[in-house]
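All remarks here apply to the structure that follows.
Residue numbers (my numbering): 75 to 350.
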């Protein structure tokens with residue numbers, strides 16, 4: 075009989091996967107079902123087993139094999155083909171299920187020496203998060219991440235300007251229906267953190283900027299220059315919307331995570347697939 079693997083052991087907790095593209099393709103694709111349904115099924119000829127798997131996925135990766143792509147003070151040694159092969163190890167359907175993409179830039183030596191600047195404490199962040207979760211439970215008796223498409227249509231109401239930005243993003247970047255609903259849920263959460271009833275253009279813009287691996291123009295193949303310039307201009311519009319409302323505009327890609335359910339404990343994995 076199968077026993078729970080790392081995915082189920084991380085139920086109601088965190089599953090952290092370092093060097094995300096280095097996992098084999100079958101292991102990565104096994105994440106798709108639990109990220110979508112919150113459980114994992116193992117079927118054999120004589121039996122079927124279902125395990126709970128509602129977890130928060132946090133994954134870390136380099137932008138390229140050498141790790142220096144996009145670094146201002148270092149030169150990337152990878153070829154265009156190597157970069158594309160490396161990034162393509164994360165399939166589109168799996169990437170679709172990941173809500174937040176953020177770049178962690180190298181820290182300058184001067185920043186390491188600063189002692190006068192204190193970051194926001196975990197306690198103060200926890201207060202804001204708890205307040206947002208309380209708002210969600212009072213409004214729809216569950217967290218935004220658990221809303222189905224019908225619930226998204228009912229709860230994630232946006233202004234006309236916000237809807238226009240989202241519609242343009244879907245057309246320009248060919249976002250899937252799943253990505254469309256996930257952007258709305260992230261925007262709804264951003265609005266809840268601000269204590270705002272309606273989703274505004276700034277909330278949609280920030281939620282879209284958290285999907286940088288979908289929006290990034292990347293290296294320009296022959297014949298696609300004009301399209302990619304258009305995408306860059308649209309991304310600049312999104313960043314301007316964030317700046318106008320003092321929202322963080324400096325998000326690209328690197329660390330990717332999927333917020334689902336509650337968190338009770340942490341599990342690190344070398345192989346997240348269930349054992350049989």
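No residue lacks a Cβ here, since even glycine has one placed at the ideal position from N, Cα and C.
Measure the alpha-carbon distance for residue i versus residue j and round it to whole angstroms.
| i | j | result |
| --- | --- | --- |
| residue 117 | residue 133 | 27 angstroms |
| residue 249 | residue 187 | 42 angstroms |
| residue 195 | residue 266 | 20 angstroms |
| residue 198 | residue 263 | 17 angstroms |
| residue 156 | residue 139 | 7 angstroms |
| residue 110 | residue 210 | 20 angstroms |
| residue 347 | residue 81 | Confidence at residue 347 is low in this model, with a pLDDT of 42, below 50, so the placement of that residue should be treated as unreliable; the coordinate-derived value is given next. Rounded to whole angstroms, residue 347 to residue 81 spans 6 angstroms at the Cα level. |
| residue 161 | residue 90 | 19 angstroms |
| residue 235 | residue 77 | 50 angstroms |
| residue 127 | residue 86 | 8 angstroms |
| residue 227 | residue 185 | 44 angstroms |
| residue 223 | residue 151 | 44 angstroms |
| residue 284 | residue 261 | 10 angstroms |
| residue 159 | residue 121 | 38 angstroms |
| residue 268 | residue 201 | 12 angstroms |
| residue 105 | residue 245 | 27 angstroms |
| residue 153 | residue 103 | 26 angstroms |
| residue 206 | residue 169 | 26 angstroms |
| residue 149 | residue 191 | 31 angstroms |
| residue 208 | residue 220 | 14 angstroms |
| residue 101 | residue 215 | 34 angstroms |
| residue 97 | residue 107 | 17 angstroms |
| residue 115 | residue 99 | 18 angstroms |
| residue 243 | residue 225 | 22 angstroms |
Among the options, which one has its Cα closest to the Cα of residue i?
| i | options | result |
| --- | --- | --- |
| residue 277 | 233, 86, 156 and 242 | 233 |
| residue 213 | 104, 271 and 176 | 271 |
| residue 183 | 198, 147, 204 and 215 | 147 |
| residue 74 | 204, 161, 237 and 115 | Only positions 75 to 350 of the chain appear in this structure, which leaves residue 74 out of reach. |
| residue 178 | 145, 130 and 106 | 145 |
| residue 75 | 119, 273, 105 and 138 | 119 |
| residue 79 | 87, 155, 125 and 91 | 125 |
| residue 282 | 247, 141 and 82 | 247 |
| residue 93 | 173, 164 and 128 | 164 |
| residue 171 | 224, 221 and 252 | 252 |
| residue 180 | 209, 216, 159 and 142 | 142 |
| residue 286 | 175, 153, 161 and 113 | 175 |
| residue 258 | 245, 241 and 269 | 241 |
| residue 288 | 167, 193 and 202 | 167 |
| residue 95 | 136, 216, 280 and 229 | 136 |
| residue 113 | 149, 153 and 83 | 83 |
| residue 130 | 106, 88 and 154 | 88 |
| residue 231 | 275, 190 and 243 | 275 |
| residue 280 | 193, 173, 203 and 217 | 173 |
| residue 203 | 193, 190 and 218 | 218 |
| residue 239 | 273, 225 and 107 | 273 |
Using a Cβ cut-off of 9 angstroms (strictly closer), state whether residue i contacts chain B.
| i | result |
| --- | --- |
| residue 169 | Looking at the structure shown, chain B is missing, and only one protein chain is on hand. |
At which residues does the alpha helix (DSSP H) containing residue i begin and terminate?
| i | result |
| --- | --- |
| residue 87 | Here residue 87 belongs to no alpha helix (DSSP H); instead the beta strand (DSSP E) covers 87-91. |
| residue 174 | Where residue 174 is concerned, there is no enclosing alpha helix (DSSP H), although the beta strand (DSSP E) it sits in stretches over 174-176. |
| residue 225 | 223-229 |
| residue 263 | 251-268 |
| residue 237 | 234-247 |
| residue 278 | 275-283 |
On the DSSP letters alone, give me the boundaries of the beta strand (DSSP E) that residue i sits inside.
| i | result |
| --- | --- |
| residue 84 | First-last for residue 84: undefined, no H or E at that position. |
Q) Which ranges does the beta strand (DSSP E) cover as unbroken runs of at least 3 residues, wholly within the segment 95-170, from first to last along the chain? A) 113-117, 122-126 and 130-134
Q) Mind pulling the alpha helix (DSSP H) runs of 4 or more residues that sit fully within the segment 180-214? A) 183-187 and 196-214
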